[in-house]
Structures are given as C-alpha cells and as structure tokens.
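A quick write-up on the structure given underneath.
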C-alpha cells in the first residue's frame with residue numbers, strides 16, 4: 401500500500417482566506433446523476449472492476465465524478481475486502497485528480513487501514529483531518545478508530561482517544577462506548593464495562609440499544625440469564641421514542657441476542673412473545689430473527705408452527721438466509737422439498753425478466769453520458 405503521506409491530499413484553496421469545501425449534493429445535476437446511477441448499478445451486480453474503470457475513465461473528460469460516486473466505489477471495494485484497491489482509489493481520486501474528499505471518504509480509508517491491521521496509519525489520517533480538513537471527524541470516525549485500537553490490543557489508547565473526543569467537544573455515540581465495553585468484557589473486566597455504561601448514561605440521557613446488546617451477549621456467555629434479561633428490560637422501561645428506521649438499525653441486534661439467549665435456556669415461549677410485539681414497536685424482523693425462532697421450534701418438534709413462521713417471513717418479503725434453506729429437521733421429517741419450494745420458489749421479478757448480461761449492455765450504450773464523454777475527449 402502507498403504510505404499515509406502520499407494518501408493525504410494537501411490541496412491549496414482557491415481563496416487564501418477560505419477553505420476549499422467538498423462537493424455538496426447539489427453537485428449531482430446534469431449528466432452526473434446518470435453517471436452515478438450507472439456506477440451504482442455496476443456495483444449492485446458485483447461488477448466492481450467495471451464500476452471503478454468507468455469512473456476513472458470519465459475523470460479525464462469534462463464530466464468528473466463527484467465524491468458521492470467515488471465514495472460509493474471505495475465503499476464497495478471495502479465490503480469486498482479489496483483493501484489495497486480502496487487505498488489505490490483514494491490516491492487516484494483525491495490525490496492525483498484533486499477531487500476534494502469529505503469525511504465519508506476519510507472514514508472509508510480509516511476503516512480500511514484498521515481492517516488491514518494498520519491502525520498507526522489510520523491514526524495518521526485522523527490527525528490529518530484534525531489539522532487540515534474543513535470539517536471535524538464524525539462519530540463514525542471514532543467508531544472505526546476505537547474498534548481498530550481494541551482489535552490491535554491497544555485498549556488503553558482507545559480509552560485515551562475517548563477522553564480526547566470528549567475534551568474536544570466531539571460526539572462519542574453509543575457505538576463508541578459499545579466498542580470499548582466489548583473490549584473490556586473480552587478481557588474479563590466486567591466492572592470497567594459497567595463503568596462505561598454508567599458514563600454513557602450520564603452523558604447521553606437518550607441512547608440506543610447497542611450497548612445493551614453488548615452487555616446481554618456477555619451475560620448470556622457467562623450463564624447469567626437473569627442479568628441478561630434485566631439489561632433487556634431496563635432498555636424497554638426507558639420507553640424512548642425513535643424513528644422506525646433508527647429502531648431497526650440499533651435495536652434489532654439487541655432483540656436477536658435476546659431471542660438467541662432465551663431459546664438456548666429453554667424460554668422459547670417468552671422469545672415468541674417478544675417477537676410478536678416487535679410489529680407493534682414498528683421494528684422489522686430480519687432473516688436472523690426468524691432463523692433463531694424457527695430453529696427453536698424445530699428442536700421442540702413443532703414443525704407446523706415453524707412452517708407458519710416461514711410463510712410469514714416469505715409474505716413479508718424477507719429473503720431466507722443459508723441456514724433457513726438448509727434446515728435439517730424438515731429434511732429428516734420428509735418435508736425438505738416443501739420448505740425449498742416455499743423459500744426458493746419465488747424469484748425476483750428483476751432476475752426473471754432481465755439478467756445481468758441483458759442489463760449491462762443497456763447501461764453501456766446509454767447515450768446521455770457517452771456523447772458528452774466523446775465530445776470532451
């Protein structure tokens with residue numbers, strides 16, 4: 401990988417008295433939405449090389465990609481664990497081509513370095529943001545850095561970073577605290593984890609359920625079932641109001657851990673009751689939620705109820721994961737084909753009517769951008 405120094409763009413501002421700012425969403429006008437959508441479609445179909453090549457090609461025309469397109473390509477490479485490509489793309493777009501990165505760009509780079517066990521380099525990028533960027537690090541920045549430090553066995557430095565975050569007046573959200581709590585729990589220091597929870601409660605009267613999910617997981621592993629459910633109940637008793645989307649993102653992990661723990665200790669009925677109430681709380685269940693409960697029902701021999709739950713999942717448009725599609729209990733009961741038809745019988749309309757090979761040529765032949773690229777070449 402290139403060194404951190406070659407990856408940090410030091411772009412002279414147009415106005416000596418004003419910092420140069422990254423693209424705003426208003427930059428997505430004219431032909432740029434077409435370019436962005438084409439790249440996103442290529443990413444959707446897993447054609448990361450084509451997406452990267454397409455965006456790099458138009459850089460040399462009058463239609464330069466915005467940071468939103470560049471960030472999307474980098475993030476897709478990171479999800480595919482192509483860490484070297486993330487670094488190379490950052491260098492190409494933001495150093496060589498002088499496109500100004502935003503905090504999302506830096507966060508993807510920091511996360512990449514942390515995942516590559518190069519936390520020291522990630523910290524260099526962070527210090528560059530503090531010294532040079534016209535924006536501050538975001539809570540996501542600190543999530544990546546604290547997790548990276550903890551994974552590298554540097555939890556003391558992660559705590560020091562938390563103190564610096566707070567002293568600068570930057571936001572340390574519950575995921576930052578959850579990372580630290582998880583680190584101390586893994587070290588067997590439950591007291592320090594609970595101390596961090598108390599600190600979070602003092603600083604944030606309203607917070608989500610992520611830290612409770614971390615605590616519950618620790619309690620379940622130690623066989624402390626009562627403490628795990630007390631942690632769950634303490635969160636429910638708070639009766640905080642959150643948007644449905646936020647609830648789904650932050651609380652679903654908590655509920656899935658509760659389902660898993662309850663099923664393992666023989667409280668399937670209680671897990672089913674909680675599962676049924678999620679709809680009232682506007683929290684959408686996912687495939688893992690169904691997998692945990694269906695597996696529990698199968699172990700108790702209640703295949704009809706398990707089948708009904710799977711039907712509910714399919715009707716709700718939730719795609720079965722691999723574990724659900726390979727339930728041995730149904731196979732042993734001679735109902736494997738029935739489950740396979742239920743879970744796999746309905747194909748996506750898009751995949752039935754247009755394969756990837758049919759769609760991509762249409763993207764490649766789209767005239768709006770190609771004409772402008774040709775005219776400017």
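In my numbering, the protein residues as written are 401 to 777.
A virtual CB, placed ideally from N, CA and C, is assigned to each residue, including glycine.
Predicted model, so just to flag it, every value in this text is computed and none were measured.
Contiguous alpha helix (DSSP H) assignments of at least 4 residues, all confined to the segment 559-606: 574-586, 590-603
Length-filtered (4 minimum) alpha helix (DSSP H) runs lying within the segment 529-558: 539-551
Straight-line Cα distance separating residue 528 from residue 754: In this prediction, residue 754 scores a pLDDT of 43, lower than 50, which makes its location untrustworthy; the coordinate-derived value is nonetheless stated afterwards. Those two C-alpha atoms are separated by around 46 Å.
Option nearest residue 510 by Cα separation, candidates 577, 541, 500: 541
Inter-residue spacing [alpha-carbon to alpha-carbon] between residue 562 and residue 688: 32 Å
Counted within 10 angstroms of its Cβ, other Cβ atoms place residue 572 as buried (16 or more) or exposed: buried
Residue range of the unbroken alpha helix (DSSP H) whose run includes residue 506: 503-515
The alpha helix (DSSP H) enclosing residue 684, as first and last residue numbers: Where residue 684 is concerned, there is no enclosing alpha helix (DSSP H), given that its DSSP letter is neither H nor E.
Opening and closing residue of the alpha helix (DSSP H) in which residue 479 lies: 467-479
Buried or exposed (CB count within 10 angstroms, at least 16 for buried), residue 535: exposed
Residue 488 (DSSP reduced to helix, strand or coil): helix
Buried versus exposed, by CB contacts within 10 Å (16 or more), residue 591: exposed
C-alpha distance - residue 471 paired with residue 579, whole-angstrom precision: 25 Å
Buried versus exposed call for residue 602 [16 or more other C-beta atoms within 10 Å across all chains shown]: exposed
CB contact flag (residue 519, residue 513, <8 Å): yes
Range of the contiguous alpha helix (DSSP H) that encloses residue 452: 448-458
For residue 675, the first and last residue of its enclosing alpha helix (DSSP H): 668-677
Terminal residues of the alpha helix (DSSP H) in which residue 461 lies: Segment: none, residue 461 is in no alpha helix (DSSP H) and carries neither H nor E.
Assigned exposure category for residue 543 - 16 Cβ within 10 Å defines buried: buried
Residue environment, residue 454, which counts as buried when at least 16 other CB atoms sit within 10 Å: buried
Where the alpha helix (DSSP H) containing residue 494 begins and where it ends: Neither: residue 494 is in no alpha helix (DSSP H) and is coded neither H nor E.
Residue 665 - DSSP class collapsed to helix/strand/coil: coil
Classification of residue 438 by the beta-carbon crowding that lies within 10 angstroms, buried from 16 upward: buried
Nearest-angstrom Cα separation, counted from residue 584 out to residue 696: 31 Å
Nearest-angstrom Cβ-Cβ length linking residue 456 and residue 492, presumed shorter than 8 Å: 6 Å
Per-residue burial, residue 657 [other beta carbons within 10 Å of its own, 16 or more giving buried]: buried
Same chain only: Cβ atoms within 7 Å of residue 483, ignoring 5 sequence neighbours per side: 512, 515, 516
Host alpha helix (DSSP H) of residue 705 (start-end): 703-715
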